[in-house]
Every structure is written in structure tokens, then in C-alpha cells.
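Have a look at the structure below before the remarks.
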Amino acid sequence: MKLLYFSWMRDRVGMAAETVWPPEDVTTVGQLITWLAQQSSSHAAAFADPSIVRCAVNQEYARAEEAVGPDDEVAFFPPVTGG
Amino acid sequence: MKLLYFSWMRDRVGMAAETVWPPEDVTTVGQLITWLAQQSSSHAAAFADPSIVRCAVNQEYARAEEAVGPDDEVAFFPPVTGG
Amino acid sequence: MIKVQPEDFDVGAELAALRQGRTDVGAVASFIGVVRDVAGPGELSAMTLEHYPGMTERQLAGLEAQALARWPLDRVLIIHRFGRLLPGDQIVLCAATSSHREAAFEACAFLMDWLKTKAPFWKLEEVDGQASWVAAKQDDENAAARWQTPVSKAAKNKT
Amino acid sequence: MIKVQPEDFDVGAELAALRQGRTDVGAVASFIGVVRDVAGPGELSAMTLEHYPGMTERQLAGLEAQALARWPLDRVLIIHRFGRLLPGDQIVLCAATSSHREAAFEACAFLMDWLKTKAPFWKLEEVDGQASWVAAKQDDENAAARWQTPVSKAAKNKT
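Residue numbers (the numbering used here), protein chains in the order written: chain F, 4 to 86; chain Z, 4 to 86; chain C, 62 to 220; chain X, 62 to 220.
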């Protein structure tokens, strides 16, 4: 599964992208966040407050209950501030 | 008193401007319209339906009860259609 | 700023001039009115805009002052052409700059609604070789009437 | 039309291109967002706009389609820059053309509100030599939320 991080999520995780192989029982965005937060202290810091983390699966906004699989591109970032 | 006509008011009256000397008891826009409508058949045609005639006294919109005097510039025109 | 002129205007240059020297203004809302070639059932070949010189400038300056008093704007621009225009020609440009985008949008819509109902311009349309004066629209009166109510709280506070 | 680019854009040329070849479109509403030099208590020296390549284009194309479906528009234009920008630099241009001025105005405000809350851009501000990410505004969420209600009847009918 390909992960992308933007803005201060990237700063906190310490990388812009990574490829991960979560266990089979990680099937939703919410479960993926819980699992990722346990992978390192940087990940824990980045996902410390899930209420300010937004997610996109294959470049579409996704909520915690959305399904994710090994072939998906999953991005995490803070609320957007463009325009 | 200097009068100006615009758009189809000018077409109907047959002139863009004229100077008139209404009697002394003509002191408001409404009285001026009543008096003007009697001055010629062209004037009568132009002022036939006062509800679609707008007036400005000294370049500010004026209602029927507004005062007019000999030194005023009074303009008559249909509702505006710019923009 | 108010301009009443027969000449065409350069939108890019006008909007750039409007925010010239200001780096604390983030929002520029604008509107361009263009001559359409559709006029009722026929095809419009040209249009002549008549106006009341003197009163036009006076009304537009008053309109500008109203907008500046009502919204937290930096500057306002109104350019209105007169004379003979062809389909596709620019008629009017309204713009408002602000640090609040809602204020800029609302002020710009307000300027257009009031121009349509208060500025002393009259359109003479040429359709199939026949010239006729355009009648005022009740829709425009209704659009202008909505500004009689106080400015929305949103427009005062949004960035 | 959607453009996501580091380069600046020419507002006059872009708006002219938007109504190119159309003489039945009378209303062009537009909005330009500009980098402000004010950032909280400090003075902003520069700003870097990061974005999510691919998702940005996808979201903007969806936004354009929504606006075209919702209002009687002819065309929609969204240009959003990314990269490092200085105070006074143009960030974004939104425009909508229509034969109805209310539709053009409303669509343009809608585009901006949704850009602010949906387009995957993030601003990194440089203030007094310190770079920090800008926090999202609740105001922007509220502004976008108003478009959840159906389009106003006025906007569908006005010219």
C-alpha cells in the first residue's frame, strides 16, 4: 500500500511517501490510522489527533470507515488551506 | 427652467432639451409634468403614462412631490437600462 | 474610481492598477458586462448606449461611496462605456478589492445591481435593421431591492 | 478549464480566452486571490503553496463539473498556482461566464469557497525568518457549507 504525506503530516512522519504492508485485518482508513500510529514515535506524533488529519484514497476524500487495500494510494494531510 | 429628455422621451417630445417658463403655481415635479403634458401633442404623448417616466432635478432622482424652481435642471427619461 | 467613456478598457491593466502598491489586499472580485447578440427573438447587430453626462458620474461616485461605506473594501472601480457597441464588446467593468473575499463578492454584485437600476444609461438595440429602446426589467429592480436590507454579518467577518 | 501551475497568469488574456468566440454570453464574474503581506501579528515575507499533484487536478475538475451542473453557465475557469510566492503575487483565478449575472457571481463565489475547503493545497508562511503551516479556518468551512442548500431561484432566473 502506497502512502503519501503532505504539509505538517510529512514534517512529523519525516517522509513524503512510504510503502507499507499492514496486516490483513486492517481494511479501513480508521484501522490503518490506528496501525500506523503504532509503527514509530514519528507516526504516533503525526496521528496523535486524528480529528485534524484528512485522508484521501486514490485521490478522493475518504472517511474513517472507507475501505483500503494493498493496491490503493492513501494520502494523509491536514485540512487544506489553499485559495 | 432647463429641461432635458433622454431615450424615447426625447424621441417623443422631439427634442433633447428646451427652456420653459411654467406659471408660478407650478412648484413640484408632479405639477410640472401635468403642465408640460398640455404644451403640445408631442409632450402629451411623452408624458401619457407618468408611471414609466423618471425625473432627476439637478442630476439627482426626484419624486412627484419634489420642489422645482426656475434655476433647476430637470431631466425626464424612462427607467434606466445600463450595465 | 469611476470612469465613463466611449473607449474600450483593458481588464488586466485596470485590475492590476486597482491593487497597485497594496500588498495587504488579498481579494479582487470583478464583473465584466458584454454585449450579447441575442435580443428577444432576433439577432442584435449593434447597440447604442446613451447616458446623461454629469448625472452619470454623480450617480456612480455616490454608488462607489455607498459600497465603500457598507463593506470593508480597499478600493472600488466602475468603468461604464457609452456610444455604439457591437456584440462581444465590453460594456461595463465593476471591481472591488478587500482583505475579505465575501465583502469583495457582495460589493461587486451590489455595484452591478445598482448600476442596472440607478445609473442613467439607456440601451438602443439594432435588430434586423430596426432600432428600439430596451425596456427595464422587473428582475433588475428585484435584484437591487435585496440590498435595502443590512449587510450580512458573514460579509463583514469573512476573509 | 482547470490549470494547476507554478507560473503566474495574465488575467486579461485568460478572461478574454474564456469568452472567445461567444457573443451570447453577457456576464463574466471573476475572482483573483493575492498573497497578503499580513500574517497574524507579523509581516509575511513569502509563502510556499504545496499541493497533491493528481488529486488537485481531479478535485478541481470535479468542482468545475459541479458548478456547470448547478448554474446556467457557459464556461468555468480555475487557475491555481503552487510553489513559492511573494506578497502581491497572484495565487488563484476563478471565473464563470453566463448569460445570467447572478449565476456568474454565485458560481464564482461557490468555486472560491470550495477551493478553500476541498482543493488539496497547503500554505507554508515565512514570517520573520520562521516558516509555519497555516491552519484551516472555521470561517471557510462555514462559507462552503452554505452551498449545501439548493441553488437560489433568483440565480436560475436573473439576467
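Using N, Cα and C, we set each Cβ at its ideal position, and we do this for glycine too.
> Z:SER10 touches chain C at which residues, Cβ-Cβ below 8 Å?
Replying inline: Mapped onto the second sequence, residue 10 of chain Z falls at position 7. GLU111, TRP183, LEU185, TRP194, listed in chain order.
> With respect to the alpha helix (DSSP H) encompassing F:SER45, which residues constitute its N-terminal and C-terminal limits?
Replying inline: Residue numbering aside, residue 45 of chain F sits at position 42 when the first sequence is read from its first letter. Taken as a continuous stretch (DSSP letters only), the alpha helix (DSSP H) holding F:SER45 covers 44 to 49.
> Whole-angstrom Cβ separation of C:LEU124 and C:LYS179, contact assumed at under 8 Å?
Replying inline: The residue you call residue 124 of chain C lines up with position 63 of the third sequence. The residue you call residue 179 of chain C lines up with position 118 of the third sequence. Indeed, because the Cβ distance is near 7 Å, the residues count as touching under 8 Å.
> Would you say C:MET62 faces chain X, with C-beta separation under 7 Å as the test?
Replying inline: Taking the third sequence and counting its residues from 1, one reaches residue 62 of chain C at position 1. Not one chain X Cβ lies under 7 Å of C:MET62.
> In or out: Z:GLN24 buried (at least 16 other Cβ within 10 Å) or exposed?
Replying inline: Start at 1 with the first residue of the second sequence, and residue 24 of chain Z comes out as number 21. The sequence as given places Trp at residue 24 of chain Z; Gln does not occur at that position. Classification of Z:TRP24: exposed, given that the 10 Å Cβ count is below 16.
>> Among C:TRP132, C:PHE92, C:ALA107, whose alpha-carbon lies nearest the alpha-carbon of C:ASP98?
In response: Residue 98 of chain C sits at position 37 when you count from the first residue of the third sequence. That would be C:ALA107, whose Cα lies nearest to the Cα of C:ASP98.
> Counting only beta-carbon atoms, is X:LEU134 nearer than 7 Å to chain B?
Replying inline: Of the protein chains in the structure, F, Z, C and X, none is chain B.
> Would you report the Cα separation of Z:GLY85 and X:PHE182, rounded to the nearest angstrom?
Replying inline: Position 82 of the second sequence holds residue 85 of chain Z. Position 121 of the fourth sequence holds residue 182 of chain X. Cα to Cα, the separation comes out at about 40 Å.
> In whole angstroms, what is the alpha-carbon distance linking Z:GLY72 and C:ALA122?
Replying inline: Translated into positions along the second sequence, residue 72 of chain Z becomes position 69. Translated into positions along the third sequence, residue 122 of chain C becomes position 61. Spanning the two alpha carbons is a distance of roughly 26 Å.
> F:THR84 CB to nearest chain X CB: under 7 Å?
Replying inline: By 1-based counting over the first sequence, the position of residue 84 of chain F is 81. Chain X, which has a Cβ nearer than 7 Å to the Cβ of F:THR84, makes this yes.
> Where are the beta strand (DSSP E) runs, 3 residues long or more, that stay fully inside the stretch 138 to 197 of chain C, in chain order?
Replying inline: 144 to 146, 151 to 159, 182 to 188, 191 to 194
> Z:PHE79 to Z:CYS58, Cα distance in whole Å?
Replying inline: As a working note, residue 79 of chain Z is residue 76 in the second sequence. As a working note, residue 58 of chain Z is residue 55 in the second sequence. One C-alpha to the other measures close to 5 Å.
> Can the beta-carbon of X:ASP150 be found less than 7 Å from the beta-carbon of X:VAL86?
Replying inline: The sequence position of residue 150 of chain X within the fourth sequence is 89, counting from 1. The sequence position of residue 86 of chain X within the fourth sequence is 25, counting from 1. Taking 7 Å as the Cβ cut-off, X:ASP150 and X:VAL86 do not qualify as a contacting pair.
> Going by DSSP, what residues sit across from C:THR84 in a beta bridge?
Replying inline: For the purposes of this step, residue 84 of chain C is taken as the residue at position 23 of the third sequence. DSSP, once it has assigned bridges, lists no residue as partnering C:THR84.
>> Taking 7 Å as the threshold (beta carbon to beta carbon), is C:ARG119 in contact with chain Z?
In response: Residue numbering aside, residue 119 of chain C sits at position 58 when the third sequence is read from its first letter. Cβ-Cβ to chain Z under 7 Å: yes for C:ARG119.
> Apart from the five residues just before and just after C:PHE166, which ones in its own chain have a Cβ nearer than 6 Å to its Cβ?
Replying inline: The residue you call residue 166 of chain C lines up with position 105 of the third sequence. Answer for C:PHE166: ALA90, listed in chain order.
> Between X:VAL153 and chain F, is there a C-beta pair that is closer than 7 Å?
Replying inline: For the purposes of this step, residue 153 of chain X is identified with residue 92 of the fourth sequence, where counting begins at 1. It does; some Cβ of chain F falls within 7 Å.
> Tell me which same chain residues have a C-beta within less than 6 Å of the C-beta of C:GLY144, skipping the five on either side of it?
Replying inline: Here residue 144 of chain C is taken as the residue at index 83 of the third sequence, counted from 1. Excluding positions up to five away in sequence, the list reads PRO67.
> Within 10 angstroms of its Cβ, does C:MET173 collect 16 or more other Cβ (buried), or is it exposed?
Replying inline: As a working mapping, residue 173 of chain C is identified with position 112 in the third sequence. That one is buried.
>> Counting only beta-carbon separations shorter than 7 Å, does C:PHE92 have a partner in chain X?
In response: One-based indexing of the third sequence puts residue 92 of chain C at position 31. By this cut-off, C:PHE92 is an interface position.
>> Using C-beta distances below 6 Å, list every residue in its chain close to C:ALA157, excluding the 5 sequence neighbours before and after it, in chain order.
In response: Residue mapping note: residue 157 of chain C aligns to position 96 of the third sequence, counting from 1. Result list for C:ALA157: ALA90, LEU134, VAL137, ALA165, ALA168, CYS169, in chain order.
> Based on the DSSP output, what are the partners of C:GLN66 in its beta bridges?
Replying inline: Translated into the one-based positions of the third sequence, residue 66 of chain C becomes position 5. Paired residue(s): C:ARG142.
> At which residues does the alpha helix (DSSP H) containing X:GLU125 begin and terminate?
Replying inline: The count along the fourth sequence starts at 1 and reaches residue 125 of chain X at position 64. It spans 116 to 131 - the alpha helix (DSSP H) in which X:GLU125 sits, taken as one unbroken run.
>> Below 8 Å on the Cβ atoms is my contact criterion, and I expect C:SER160 with C:TRP132 to pass it. Report the Cβ-Cβ distance as a whole number of Å.
In response: Residue numbering aside, residue 160 of chain C sits at position 99 when the third sequence is read from its first letter. Residue numbering aside, residue 132 of chain C sits at position 71 when the third sequence is read from its first letter. Contact flag wrong, Cβ pair sits at about 11 Å.
>> So, for F:THR22: in the same chain, excluding its five sequence neighbours on each side, which residues have a beta-carbon less than 6 Å away from its beta-carbon?
In response: As a working note, residue 22 of chain F is residue 19 in the first sequence. Taken in chain order, the residues that qualify are LYS5.
>> Does Z:MET18 come out as helix, strand or coil in the three-state DSSP assignment?
In response: The residue labelled residue 18 of chain Z in the question sits at position 15 within the second sequence. In this structure, Z:MET18 counts as coil in the three-state DSSP scheme.
> Between X:VAL18 and X:LEU105, which are expected to be in contact by the criterion C-beta below 8 Å, what is the C-beta distance as a whole number of angstroms?
Replying inline: The structure shown does not extend to residue 18 of chain X, since chain X is modelled only from 62 to 220, so the question has no answer here.
> Does DSSP classify Z:ALA67 as helix, strand or coil?
Replying inline: Start at 1 with the first residue of the second sequence, and residue 67 of chain Z comes out as number 64. Three-state DSSP puts Z:ALA67 in coil, outside helix and strand.
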